[in-house]
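Number of protein chains: 2
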Amino acid sequence: MSDRPALSATPRTRLRRMREKGRTQHSDLLAVLRGGLVAHLGVVVDGCPMVVPTVYGHDDDNVYFHGSVASRSLTARSEVCLTVTLFDGLVLARSVFEHGINYRSAMIYGVPRAVTGRDEKLHGLRILTEHVAPGQWDYARPPSRKELAATALLALSLAEASVKIRTGPPDDGDSPDAALGLWAGELPVAPRWERPVPDPALPDAAVPVPQHIAGLAGRRLDRG
Amino acid sequence: MSDRPALSATPRTRLRRMREKGRTQHSDLLAVLRGGLVAHLGVVVDGCPMVVPTVYGHDDDNVYFHGSVASRSLTARSEVCLTVTLFDGLVLARSVFEHGINYRSAMIYGVPRAVTGRDEKLHGLRILTEHVAPGQWDYARPPSRKELAATALLALSLAEASVKIRTGPPDDGDSPDAALGLWAGELPVAPRWERPVPDPALPDAAVPVPQHIAGLAGRRLDRG
Numbered sequence: 001m002s003d004r005p006a007l008s009a010t011p012r013t014r015l016r017r018m019r020e021k022g023r024t025q026h027s028d029l030l031a032v033l034r035g036g037l038v039a040h041l042g043v044v045v046d047g048c049p050m051v052v053p054t055v056y057g058h059d060d061d062n063v064y065f066h067g068s069v070a071s072r073s074l075t076a077r078s079e080v081c082l083t084v085t086l087f088d089g090l091v092l093a094r095s096v097f098e099h100g101i102n103y104r105s106a107m108i109y110g111v112p113r114a115v116t117g118r119d120e121k122l123h124g125l126r127i128l129t130e131h132v133a134p135g136q137w138d139y140a141r142p143p144s145r146k147e148l149a150a151t152a153l154l155a156l157s158l159a160e161a162s163v164k165i166r167t168g169p170p171d172d173g174d175s176p177d178a179a180l181g182l183w184a185g186e187l188p189v190a191p192r193w194e195r196p197v198p199d200p201a202l203p204d205a206a207v208p209v210p211q212h213i214a215g216l217a218g219r220r221l222d223r224g
Numbered sequence: 001m002s003d004r005p006a007l008s009a010t011p012r013t014r015l016r017r018m019r020e021k022g023r024t025q026h027s028d029l030l031a032v033l034r035g036g037l038v039a040h041l042g043v044v045v046d047g048c049p050m051v052v053p054t055v056y057g058h059d060d061d062n063v064y065f066h067g068s069v070a071s072r073s074l075t076a077r078s079e080v081c082l083t084v085t086l087f088d089g090l091v092l093a094r095s096v097f098e099h100g101i102n103y104r105s106a107m108i109y110g111v112p113r114a115v116t117g118r119d120e121k122l123h124g125l126r127i128l129t130e131h132v133a134p135g136q137w138d139y140a141r142p143p144s145r146k147e148l149a150a151t152a153l154l155a156l157s158l159a160e161a162s163v164k165i166r167t168g169p170p171d172d173g174d175s176p177d178a179a180l181g182l183w184a185g186e187l188p189v190a191p192r193w194e195r196p197v198p199d200p201a202l203p204d205a206a207v208p209v210p211q212h213i214a215g216l217a218g219r220r221l222d223r224g
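Protein chains in written order, with full-length UniProt numbering: chain A, 1 to 224; chain B, 1 to 224.
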């Protein structure tokens, strides 16, 4: 990973605000993608933006997601922006003005490619499934030929992307506001898996929760 | 709330897929907005979509957010799509094909309006701050005249919006796959506040964590 070139600085990935928060390494991008599960996909429909949530998976070169989420617009080749945001907590400052959030965010730009070959489609679906629930690809029934044909899978190159990260306490600790005597700090937030809920349609003879699912309970989702 | 008209069905809010997941009441929209904290704002820049995360607040008629997040594009009046997604968990089916997620999602379309009047700006900022951290508006130092002037606040009407919600177990409990003997169900996820982390710049004479912050630890973020 360390041999990869740094993230490109194109007109749309160059940060114009809060430059200090930008990260420039491909490994920074992968770290954000590893930590998330739902992306927000932006497309342009009739000149207007549309933003839809979608699950995704990724390898070192591409992010994969279901084409159906954007079926209204992605029939033609069109530019997208896929954004993954990990919300890490509130930044509680002494003044309302200095309040903010801690977060890790990645924005990926490009024209997604429809994955059509059987092998790459299986590769992409496996990556997507394993990203969302590691162990599930080998546990669940794999896609049939018909299901595979019915699945629209898109691949978006990671070549053009930007990463922004904010961590740490508020910035007004050495401002005149520090004398106000107010508490300031961070209120972290963590998404955690809870206990699995069996499908009521399961037979009475209990089917055990597979270990790769049961073992997630209580763990942070953003393990990246 | 029950007297409000149902959500409009415009060409872009009418659901074309998964119609059964659509909700049509204004109260459904408000419930999703109450539960979230970070929205994803989509804008069009030079014909390409850009999606940026932003904190928001809302009342019954508008969602408020900082204009600076979209400074690159929102200098002119332009259409946006603001999407709030609450990710509730994985839907683990017997087949890979039937996997999905449970979620609550709202998409709001329109041209945001710059809030310029002092009173409405204070109203919007209060709503935003109190949405993010209830109690913080009265605790922290309020915006000075200069800070208020430096804050770009946008209001987006809730008039054109769509809401989608998926809950419950997977849909393959009565398919032939049910005979596979595999476990299936939901793996819920919950974002929870953790313990507050004091700013290291606080004086040694401990400043107590205010109760409205300390009381959040362990509670779900999406209390809506």
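Using N, Cα and C, we set each Cβ at its ideal position, and we do this for glycine too.
Is the shortest distance between the beta-carbon of residue i and the beta-carbons of chain B less than 8 Å?
i, result
"F65 of chain A", "no"
"G218 of chain A", "no"
"A149 of chain A", "no"
"I165 of chain A", "no"
"E130 of chain A", "no"
"L221 of chain A", "yes"
"V32 of chain A", "no"
"S157 of chain A", "no"
"L153 of chain A", "no"
Compare the C-beta of residue i against all C-beta atoms of chain A and say whether one is closer than 8 Å.
i, result
"Y56 of chain B", "no"
"L182 of chain B", "yes"
"Q25 of chain B", "no"
"A178 of chain B", "yes"
"L29 of chain B", "no"
Note down, in chain order, every chain A residue with its Cβ under 7 Å from the Cβ of residue i.
i, result
"S95 of chain B", "A140 and R141"
"residue 251 of chain B", "The question about residue 251 of chain B has no answer here: the residues shown for chain B are numbered 1 through 224."
"S105 of chain B", "P53"
Whose CA, out of the options, lies closest to the CA of residue i?
i, options, result
"A114 of chain A", "A:P142, A:D172 and A:L153", "A:L153"
"V80 of chain A", "A:D60, A:D59 and A:H40", "A:H40"
"N102 of chain A", "A:I108, A:A161, A:V111 and A:L92", "A:L92"
"R4 of chain A", "A:P11, A:R12, A:L30 and A:K21", "A:L30"
"K164 of chain B", "B:T129, B:S105, B:P170 and B:L180", "B:S105"
"P49 of chain B", "A:N62, A:F65 and A:L82", "A:L82"
"A205 of chain A", "B:P53, B:A9 and B:A179", "B:A179"
"I127 of chain B", "B:L37, B:D28 and B:Q25", "B:L37"
"K220 of chain A", "B:P208, B:V197, B:W193 and B:V207", "For clarity, residue 220 of chain A is Arg in the given sequence; the question names Lys instead. Comparing Cα positions, the closest option is B:W193."
"S95 of chain B", "A:S27, A:W137 and A:P169", "A:W137"
"T85 of chain B", "A:P53, A:G181 and A:S144", "A:P53"
"V209 of chain A", "A:K146, A:A190 and A:Y139", "A:Y139"
"residue 226 of chain A", "A:T151, A:G57 and A:F87", "Here chain A comprises residues numbered 1 to 224, so residue 226 of chain A is not present and cannot be evaluated."
"V197 of chain A", "B:V207, B:F97, B:T167 and B:A149", "B:T167"
Does the Cβ of residue i have 16 or more other Cβ atoms within 10 Å, making it buried, or fewer, making it exposed?
i, result
"D177 of chain A", "buried"
"residue 226 of chain B", "Coverage of chain B is limited to positions 1 through 224, which leaves residue 226 of chain B absent and any answer about it impossible."
"P200 of chain B", "exposed"
"R195 of chain A", "exposed"
"G124 of chain A", "buried"
"D172 of chain B", "buried"
"A6 of chain B", "exposed"
"G218 of chain B", "exposed"
"residue 304 of chain A", "Look at the range of chain A in this structure, 1 to 224, and you will see that residue 304 of chain A is not part of it."
"K121 of chain A", "buried"
Chain A partners of residue i, CB-CB under 9 Å?
i, result
"R12 of chain B", "V45, D46, C48, M50 and R72"
Could you list which residues in chain A have their beta carbon closer than 8 Å to that of residue i, in chain order?
i, result
"H99 of chain B", "T129, V132, A133, Q136 and A140"
"G125 of chain B", "It should be noted that the sequence gives Leu, not Gly, for residue 125 of chain B. Under the 8 Å cutoff, chain A gives V96."
"T85 of chain B", "V38, H40 and P53"
"L202 of chain B", "G173, W183, A184 and G185"
What in chain B is Cβ-close to residue i, meaning under 7 Å?
i, result
"G42 of chain A", "G42, P49, M50 and V51"
"E194 of chain A", "P188, V189 and A190"
"V115 of chain A", "Those within 7 Å of V115 of chain A in chain B number zero; the least Cβ separation is about 15 Å."
Listing by chain order, which chain B residues have their CB less than 8 Å from the CB of residue i?
i, result
"V209 of chain A", "W183 and G185"
"E79 of chain A", "G47, C48 and P49"
"L90 of chain A", "V132 and A133"
Query raised in the report: When the Cβ atoms of the stretch 201–221 of chain A are set against those of the stretch 177–187 of chain B, are three or more pairs found closer than 8 Å?
Result: Contact check between the stretch 201–221 of chain A and the stretch 177–187 of chain B: three or more CB pairs, one atom from each, fall below 8 Å, which counts as touching.
Requested in this report: Evaluate the contact criterion for the stretch 104–118 of chain A versus the stretch 154–161 of chain A: three or more CB pairs, one atom per stretch, below 8 Å.
Outcome: Output reads yes: the stretch 154–161 of chain A touches the stretch 104–118 of chain A.
**Report entry** Validate contact between the stretch 60–67 of chain B and the stretch 56–71 of chain A using beta carbons, cut 8 Å, 3 pairs
**Finding:** With a cut-off of 8 Å, the stretch 56–71 of chain A and the stretch 60–67 of chain B do not count as touching, because too few Cβ pairs lie within range.
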